[in-house]
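Read in full-length UniProt numbering, the sequence shown has 297 at position 297, and its numbers run on one by one without any break. Just so it is clear, CB atoms sit at the ideal spot from N, CA and C, and this is done for glycine as well. Structure record follows, encoded as structure tokens.
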Amino acid sequence: MNELKLGDVTITRIEEMHGPVMPTDQFFPDLPAEAWQEHRASLVPDHLGAEDAVVHGAFQTWLLRSEGRVILIDTGIGNDKTLPGAAFWDHLQLDYLGNLAAAGVRPEDVDLVVNTHLHVDHVGWNTRLADGAWVPTFPNAAYLMPKADFEYFDPTNNPAIAGGLNENVFEASVAPVHAAGQVRLWERGHTIDANLRLEAAPGHTPGSSVIKLESGGDRALFAGDILHTPLQLMHPDHSSCFCQDAAEARTTRRRLLGWAADEGALVLPAHFSGHSALEIESRGGAFAVKGWAPITRY
Ligand SMILES: [Zn+2]
Numbered sequence: 001m002n003e004l005k006l007g008d009v010t011i012t013r014i015e016e017m018h019g020p021v022m023p024t025d026q027f028f029p030d031l032p033a034e035a036w037q038e039h040r041a042s043l044v045p046d047h048l049g050a051e052d053a054v055v056h057g058a059f060q061t062w063l064l065r066s067e068g069r070v071i072l073i074d075t076g077i078g079n080d081k082t083l084p085g086a087a088f089w090d091h092l093q094l095d096y097l098g099n100l101a102a103a104g105v106r107p108e109d110v111d112l113v114v115n116t117h118l119h120v121d122h123v124g125w126n127t128r129l130a131d132g133a134w135v136p137t138f139p140n141a142a143y144l145m146p147k148a149d150f151e152y153f154d155p156t157n158n159p160a161i162a163g164g165l166n167e168n169v170f171e172a173s174v175a176p177v178h179a180a181g182q183v184r185l186w187e188r189g190h191t192i193d194a195n196l197r198l199e200a201a202p203g204h205t206p207g208s209s210v211i212k213l214e215s216g217g218d219r220a221l222f223a224g225d226i227l228h229t230p231l232q233l234m235h236p237d238h239s240s241c242f243c244q245d246a247a248e249a250r251t252t253r254r255r256l257l258g259w260a261a262d263e264g265a266l267v268l269p270a271h272f273s274g275h276s277a278l279e280i281e282s283r284g285g286a287f288a289v290k291g292w293a294p295i296t297r298y
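Below, the structure written as structure tokens:
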């Protein structure tokens with residue numbers, strides 16, 4: 001199944017890549033090895049290596065068609081990027097735009113890009129290299145970005161960004177879109193259309209956000225980076241090493257997963273590989289997987 005239909009919204013997954021990401025004890029410093037062991041059978045192979053203790057994940061875009069518009073949620077890592085803070089993703093050459101084309105979308109067809117936050121792996125395809133300069137990949141799109149992240153990750157506001165994970169990211173993947181007049185900043189919340197609404201979900205980054213879908217009785221939560229592995233459903237108090245404010249990330253995670261469990265909303269995280277959308281339920285002060293919605297990828 002290449003598409004999910006929820007209410008009046010069609011959902012497709014465009015993958016940039018998937019596979020091993022990082023050892024469990026580095027990715028989740030506080031999550032005990034026993035927890036990974038206990039749930040190993042349900043995590044291998046999509047979320048955990050079969051032969052090792054390495055978290056697996058995907059880098060991908062949720063492609064939505066809603067009210068006649070083509071909407072992309074997050075844009076991966078991108079090609080040709082110089083990434084001193086994320087050397088493993090430096091100068092990628094992947095056929096992301098080919099995958100998008102296979103789903104029937106040309107760059108000029110995209111009406112709206114939503115960056116849930118401005119980390120390196122969510123803004124990459126905002127731009128592409130053309131004659132040595134970074135230009136917006138989607139020339140006709142407005143790009144919605146959280147104002148708190150736009151300010152935080154601008155190295156002229158925050159010199160510490162140079163030397164970290166996001167070094168050179170604002171310059172290559174955010175500023176050129178802003179210079180082209182295509183950035184729309186929002187804070188607190190933002191209504192995209194009658195089906196979709198952006199909501200602040202701070203913690204992972206200051207401006208992190210999620211998109212709630214409510215249409216024709218169906219509900220979904222495009223969860224961004226409020227969680228990075230299904231194990232965080234069973235252990236929702238544990239944040240990743242990439243969560244800037246671990247305590248705030250925990251509060252946000254519990255609030256939004258609670259909403260999804262109560263509302264029966266399909267949860268679509270940014271980085272789950274395999275069957276990457278799931279229904280969840282509350283269980284014993286935490287959460288559990290109720291079922292996966294198989295959605296294949298382009
Ligand atoms: Zn991410």
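| Check | Outcome |
| --- | --- |
| H39: CB within 6 Å of a non-hydrogen atom of ligand 1 | no |
| Nearest candidate by alpha-carbon position, reference D121, set E16, Q232, C241 and W186 | E16 |
| Contact test: D225 Cβ vs ligand 2 heavy atom, cutoff 6 Å | In terms of ligand content, the structure shown lacks ligand 2 and carries ligand 1 instead. |
| Proximity winner among M234, I280 and V169, relative to D90 (alpha-carbon distances) | V169 |
| For H178, the three-state DSSP class (helix, strand or coil) | helix |
| Helix, strand or coil at F272 [DSSP, three-state] | coil |
| Sheet register partners of R69 (DSSP bridge) | S66 |
| I226 - partner residues in DSSP beta bridges | In the DSSP output, where bridge partners are listed per residue, I226 has none listed. |
| Three-state secondary structure (DSSP) of residue 306 | The question about residue 306 has no answer here: the residues shown for the chain are numbered 1 through 298. |
| Own chain residues within Cβ distance below 7 Å of V105, not counting five before or after | L63 and V70 |
| Extent of the continuous alpha helix (DSSP H) run through residue 299 | Since the first and last residues shown for the chain are 1 and 298, residue 299 lies out of range. |
| Cβ shell of K147 (< 7 Å), same chain only, five flanking positions each side left out | L185, W186, E187 and G207 |
| Contact check, V54 vs S215, beta carbons under 7 Å | no |
| Alpha helix (DSSP H) segment containing T191, residue limits | No alpha helix (DSSP H) contains T191, which is instead part of the beta strand (DSSP E) from G189 to T191. |
| Nearest-angstrom Cα separation, counted from E3 out to L278 | 14 Å |
| Heavy atom of ligand 1 within 6 Å of D121 beta-carbon | yes |
| Limits of the alpha helix (DSSP H) - the one that E38 falls within | A33 to E38 |
| Contained alpha helix (DSSP H) runs [length at least 4] in the segment 106-171, N- to C-terminal order | 147-152 |
| Alpha-carbon spacing of G163 relative to G7, whole angstroms | 44 Å |
| Where the alpha helix (DSSP H) containing F27 begins and where it ends | T24 to F27 |
| Three-state secondary structure assigned by DSSP to S173 | helix |
| Nonlocal neighbours in the same chain, by C-beta distance under 6 Å from E151, ignoring five residues either side | N157 |
| Three-way DSSP call (helix, strand, coil) for F242 in this model | coil |
| D245 versus G98 - alpha carbon distance | 36 Å |
| Beta-carbon proximity check, W125 vs Y96, cutoff 7 Å | yes |
| Rounded separation between residue 322 and P176 - CA only | Here the chain comprises residues numbered 1 to 298, so residue 322 is not present and cannot be evaluated. |
| Separation of L227 from T127, as counted between CA atoms | 26 Å |
| Closest Cα partner of T12 within the set E281, M234, A270 and S282 | A270 |
| Proximity to T137 [Cα-Cα], best of D149, M145 and V123 | V123 |
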